[in-house]
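There are 2 protein chains.
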Amino acid sequence: LLNFVGLGVDRSLSLKSLDVLRQCDEIFFETYTSPPPDNDPLEKEISSATNGKIVRKVGRAFVESGSEILAAASTKKVALLSSGDPMVATTHQELRTRATQRGVATRVIHGSSILCSLPGELGLHSYNFGRSVTLTSDPIQYTAYEAIFKNLLQGLHTTLLLEWDLSKNFFLGPSAAVQKLMDSEADLKYGIIKSETLVLVASRIGRDNSKIAAATAKEIERTDFGEPPHTLVIPGHLHFTEREALAAMTGKDGNWFADNASAVQRLSVLMVEKYAKKTEEALARAKAALKPTEKNGALDYEGVFENVELYTKDGLRFLREGKDELAVLSVGYAEGLLDSLRFLGLLEFEW
Amino acid sequence: LLNFVGLGVDRSLSLKSLDVLRQCDEIFFETYTSPPPDNDPLEKEISSATNGKIVRKVGRAFVESGSEILAAASTKKVALLSSGDPMVATTHQELRTRATQRGVATRVIHGSSILCSLPGELGLHSYNFGRSVTLTSDPIQYTAYEAIFKNLLQGLHTTLLLEWDLSKNFFLGPSAAVQKLMDSEADLKYGIIKSETLVLVASRIGRDNSKIAAATAKEIERTDFGEPPHTLVIPGHLHFTEREALAAMTGKDGNWFADNASAVQRLSVLMVEKYAKKTEEALARAKAALKPTEKNGALDYEGVFENVELYTKDGLRFLREGKDELAVLSVGYAEGLLDSLRFLGLLEFEW
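Chains A and B are the protein sequences, given in the same order. The numbering used here applies: residue 1 is where the first sequence begins, and numbers increase by one. The numbering used here applies: residue 352 is where the second sequence begins, and numbers increase by one.
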């Protein structure tokens, strides 16, 4: 039997977990997914609660290989302790799959996870969060940046977990994380991470010295948030109860908190507004370029002009109705109608 | 001091929570956000661990009003116990905000939450989940349906929490929930919930009789999953490790699990493919309608035809590159270029 036992964000054993540990023949404790605090009292607590059982600390390679754990669990009762929720880490999930494939029974004692504790710590509603992402030391962080953008388009908040590597004693800090997002902004230019963008920082959640802060991206870059772990949130649209909670917990005025989502425009909106305007202006110039002699000639210029006007207006209307694809199609069509006159060599006018 | 103490999905107190309860003068226990099991041993456990402290069960109205809790917490040490994570419930968050506004200190002891336990229980990666939603007894569930659609467009999984109302002894079951999604499908027709859509059901997570199941929407409708609580997941694109985990845990073959996301097409894709084809066909007819005498005449038909072809191809290329807006704009423009010949009265051809 292989028990995955989560210690939660506050690294405290539950009565149920202690029961499980008492029944176990071997206890492994992996310490690489979350930094253990100095003077960690956990081993002593476990020892005294389990009549002196020994806790064996193991690293990433040991869990990824998993052979020793699986061998032990196939004949004995084994526990693998970890911080947070044990199944959030991919390696633990894979170990569980392999155990099941070999016919080794598994059991999971869930723990509180930073992903679920974070919304409450910040006064945000968990159903207003989109996909969460991890920021790593890698210089290119487009995946995270794109995830924030897609969440903001829906008005949703984004949780940014920051890479932690115990073996290298590396922890990505809030200011380095924000700098990476600024770098992506400089490359991709969606206009979502600016100096004044609201960023929330949750530090050491579950510990006695936990702290939350709200600041602009510019401020974050200049601030030291103390020892890790830290987690960031880029909020989207704030519900008024979220704004109130943030205000109460940070001591700032409720109006101080920017709505990051309001600055994010759908690409369709930018495109339709730009092309509709250009087409309307070009239409006026095309009409002016038309010689009086051609006005009632063989070719129906008026039919073209009318349709350019109608489809441009349709595009703007579709946009207001949220029908982005139809809006873009309409303004593209209007532009094509008008431009055909130039390609044919019928009219000369500038765009 | 107001302590919010979470019991986690397995309703087990941690050593830290017990410490907190021992220090408290009053202990409230709200039972409306999650159904307490029969023969709940929790009160006795608390009583014996805290030297006989009394636990007072309270309902929704009591917590929503909050006046008694806040009054007590302003002079004494108070705990509010709840299942799962205490801050996931909006009423608890609001109570915390009000306490802070009144100068009453608060502390949160997080618990494992169904939202974070669920991915691991199902072998899915938490970063592959989009926004989660709650399905209620209300007949119209468009919000949930739209959330599933938006998540599927990104290949993401959706957690569906099911409404629970203790006061009415009502718990929305998996088959009723799927029926509601089918009703939304019938109304909105995005093509995301079909008979063969893969649905995952997690029942009684955290309890000894927990169970997970994978079935098609059609099967779910006909199956009784036993006593609540249940939570559903509509998976999006499955990573191969997720597929393996699901296979190991449900005993089904890995290939059995459908990719719900593959059936979901972006509207842009449908639109560009349709209009590009139509424009190419119309272009061929336009070329055929052009009289030989006009081919090298005063008007540059060839210039128009070439550009219609180029912009249609551009549209399809932009689509492959994921540049949906540009793709739609290009095919719209190509269509307009060609159609102008008809509006002018130069050529007659069918679309």
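Built from N, CA and C at the ideal position, the CB exists for glycine as well.
Mind the definition here: the segment 160-175 of chain A touches the segment 37-48 of chain A only if three or more C-beta pairs lie below 8 Å; say whether that holds.
By the criterion of at least three beta-carbon pairs nearer than 8 Å, the segment 160-175 of chain A is not in contact with the segment 37-48 of chain A.
Identify, in the order they occur along the chain, each residue of the same chain with its Cβ nearer than 8 Å to the Cβ of S184 of chain A, setting aside the five sequence neighbours on each side.
Taking the first residue of the first sequence as 1, we reach residue 184 of chain A at position 184. I140, Q141, Y142, A144, Y145, I193.
Under a three-way DSSP split, which group does L107 of chain A fall into?
Position 107 of the first sequence, counted from the start, is the residue given in the question as residue 107 of chain A. Looking at the sequence itself, residue 107 of chain A is Arg, so the reference to Leu does not match. DSSP places R107 of chain A in strand when its eight states are reduced to three.
Close beta carbons around L347 of chain A, own chain, < 6 Å, minus the five adjacent residues each side
Mapped onto the first sequence, residue 347 of chain A falls at position 347. Closer than 6 Å at the Cβ level, and outside the excluded window around L347 of chain A, lie A286, A289, L341.
Candidates B:V459, B:L507, B:L473: closest to R482 of chain B by CA position:
In the second sequence, residue 482 of chain B corresponds to position 131, counting from 1. The option with the nearest alpha carbon to R482 of chain B is B:L507.
Within 8 Å (strictly less), CB to CB, does L156 of chain A reach chain B?
Position 156 of the first sequence, counted from the first residue, corresponds to residue 156 of chain A. By this cut-off, L156 of chain A is an interface position.
Chain A partners of H461 of chain B, CB-CB under 7 Å?
Counted from its first residue, the second sequence places residue 461 of chain B at position 110. Ordered by position in chain A, the residues that pass the 7 Å Cβ test against H461 of chain B are G8, V9, D10, S112, S117, G206.
So which residues of chain B does Y333 of chain A contact, with C-beta pairs closer than 8 Å?
Residue mapping note: residue 333 of chain A aligns to position 333 of the first sequence, counting from 1. Annotation: Cβ neighbours of Y333 of chain A in chain B (cutoff 8 Å, chain order): G683, Y684, E686, G687, D690.
Please report the Cβ distance between L432 of chain B and A400 of chain B, rounded to the nearest whole angstrom; I am assuming they are in contact, meaning their Cβ atoms lie under 8 Å.
Taking the second sequence and counting its residues from 1, the one referred to as residue 432 of chain B is at position 81. Taking the second sequence and counting its residues from 1, the one referred to as residue 400 of chain B is at position 49. That belief does not hold up - the Cβ atoms of L432 of chain B and A400 of chain B are roughly 13 Å apart, past 8 Å.
At a Cβ threshold of 8 Å, is K501 of chain B touching chain A?
Locating residue 501 of chain B in the second sequence gives position 150, counting from the first residue. Between K501 of chain B and chain A, the shortest Cβ-Cβ separation is below 8 Å.
Indicate the three-state DSSP secondary structure (helix, strand or coil) for H443 of chain B in the structure shown.
What you label residue 443 of chain B is simply residue 92 of the second sequence in a count that begins at 1. In the structure shown, H443 of chain B adopts helical secondary structure according to DSSP, grouped into three states.
Mind checking whether Y333 of chain A and Y684 of chain B have CB atoms under 8 Å apart?
Taking the first sequence and counting its residues from 1, one reaches residue 333 of chain A at position 333. Taking the second sequence and counting its residues from 1, one reaches residue 684 of chain B at position 333. Going by C-beta atoms, Y333 of chain A is nearer than 8 Å to Y684 of chain B.
For I193 of chain A, name the three-state secondary structure that DSSP assigns.
Taking the first sequence and counting its residues from 1, the one referred to as residue 193 of chain A is at position 193. The answer is coil: DSSP assigns I193 of chain A none of H, G, I, E or B.
Taking the runs of the beta strand (DSSP E) that are 3 residues or longer, which of them lie wholly in the segment 378-402 of chain B?
Taking 3 residues as the shortest admissible run, the segment 378-402 of chain B contains no complete beta strand (DSSP E) segment at all.
Return the residues of the segment 380-414 of chain B that lie within a Cβ-Cβ distance of less than 9 Å from chain A, sorted by chain order.
Within the segment 380-414 of chain B, the qualifying residues are E396, A400.
For Q101 of chain A versus G474 of chain B, is the C-beta spacing smaller than 8 Å?
Taking the first sequence and counting its residues from 1, the one referred to as residue 101 of chain A is at position 101. Taking the second sequence and counting its residues from 1, the one referred to as residue 474 of chain B is at position 123. Not closer than 8 Å, so no.
Just to make sure I have the definition right: I need the residues of chain B whose C-beta is within less than 7 Å of the C-beta of G130 of chain A. Which are they?
The residue you call residue 130 of chain A lines up with position 130 of the first sequence. Listed along chain B, the residues sitting closer than 7 Å to G130 of chain A by beta-carbon distance are G481, R482.
Closer than 7 Å to a non-hydrogen atom of the ligand ZN - does that hold for the CB of S17 of chain A?
No copy of the ligand ZN occurs in the structure displayed, which carries no ligand at all.
At what residues does the beta strand (DSSP E) containing I212 of chain A begin and finish?
The residue you call residue 212 of chain A lines up with position 212 of the first sequence. Segment 211-216, the beta strand (DSSP E) holding I212 of chain A.
According to the Cβ coordinates, are V459 of chain B and F355 of chain B closer than 8 Å?
As a first step, residue 459 of chain B must be located in the second sequence, where it is residue number 108. As a first step, residue 355 of chain B must be located in the second sequence, where it is residue number 4. It is a contact, given that the beta carbons lie within the stated cut-off.
Kindly list the residues whose CB is nearer than 6 Å to the CB of D85 of chain A, restricted to its own chain and excluding five residues on each side of it in sequence; keep chain order.
On the first sequence, position 85 is the one that residue 85 of chain A refers to. Result list for D85 of chain A: G6, H110, G111, S113, in chain order.
Do K57 of chain A and T31 of chain A have their C-beta atoms within less than 8 Å of each other?
As a first step, residue 57 of chain A is located in the first sequence; it is residue number 57 there, counting from the start. As a first step, residue 31 of chain A is located in the first sequence; it is residue number 31 there, counting from the start. A contact, by the Cβ cut-off of 8 Å.
Please report the distance separating the alpha-carbon of A422 of chain B from that of M249 of chain A.
Reading the second sequence from its first residue, position 71 is the one you call residue 422 of chain B. Reading the first sequence from its first residue, position 249 is the one you call residue 249 of chain A. If I take the Cα positions, the gap works out to 20 Å.
Give me the Cβ distance between L198 of chain A and P235 of chain A, rounded to the nearest whole Å; I'm assuming they're in contact under 8 Å.
Numbered from 1 along the first sequence, position 198 holds the residue referred to as residue 198 of chain A. Numbered from 1 along the first sequence, position 235 holds the residue referred to as residue 235 of chain A. Correct: roughly 6 Å between the Cβ atoms.
Of the choices A:H125, A:A247, A:I205, whose alpha-carbon is the least far from that of S83 of chain A?
Taking the first residue of the first sequence as position 1, residue 83 of chain A is located at position 83. A check of alpha carbon separations from S83 of chain A across A:H125, A:A247, A:I205 identifies A:I205 as the nearest.
CB contact below 8 Å: V371 of chain B versus chain A:
As a position in the second sequence, residue 371 of chain B is number 20, starting the count at 1. Judged by the 8 Å Cβ criterion, V371 of chain B is not in contact with chain A.
C-beta atoms of L21 of chain A and A99 of chain A nearer than 8 Å:
Residue numbering aside, residue 21 of chain A sits at position 21 when the first sequence is read from its first letter. Residue numbering aside, residue 99 of chain A sits at position 99 when the first sequence is read from its first letter. No; because the gap between Cβ atoms is not below 8 Å, this pair is not in contact.
Residues near G359 of chain B in its chain [Cβ-Cβ closer than 6 Å; skip 5 each side]
Start at 1 with the first residue of the second sequence, and residue 359 of chain B comes out as number 8. The residues are G462, S463.
So, with DSSP's three-state summary, where would you put G605 of chain B?
By one-based count along the second sequence, residue 605 of chain B stands at place 254. Collapsing the DSSP output to three states places G605 of chain B in a helix.
Taking the alpha carbon of L667 of chain B as the reference point, which residue from B:L621, B:L466, B:V414, B:K646 has its own alpha carbon closest?
The residue labelled residue 667 of chain B in the question sits at position 316 within the second sequence. When the alpha-carbon of L667 of chain B is set against those of B:L621, B:L466, B:V414, B:K646, the nearest one is in B:L621.
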